[in-house]
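If you want this note's numbering, it's the position in the sequence shown, counting the first as 1, plus 123.
All C-beta atoms, glycine included, are put in the ideal place defined by N, C-alpha and C.
Reading through the structure tokens given below for one structure.
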Amino acid sequence: LAFVVAETIVTNGLSNEAKAAKAAGKSNTVAIVADQLRTVYKVASAGADYNKIMAELEAMPECK
């Protein structure tokens, strides 16, 4: 359940940031956000534990 909640928060948050960046004409930012979202899913799908997922999220500029 915790992972599902974290996944929803991250996905929605990054999606909202991507939409805002695109609306502001920052298409490069959209590409960066998409890459980071793919990284989150890659780590999660590799069977990573909660701490690894949180470490990956903390490394993202959007989460600092």
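Beta carbon of residue i nearer than 8 angstroms to that of residue j
i    : j    : result
A167 : V153 : no
E181 : L137 : no
Secondary structure of residue i, DSSP reduced to three states
i    : result
M177 : helix
G148 : coil
A129 : helix
D172 : coil
Sequence-distant residues of the same chain with beta carbon closer than 7 angstroms to residue i, five excluded per side
i    : result
K175 : V166
E179 : T162, V163 and V166
Cβ shell of residue i (< 6 angstroms), same chain only, five flanking positions each side left out
i    : result
L160 : L137
A141 : V153 and V156
Rounded distance between the beta-carbons of residue j and residue i, thought under 8 angstroms
i    : j    : result
V127 : V163 : About 13 angstroms separates the two Cβ atoms, so there is no contact after all.
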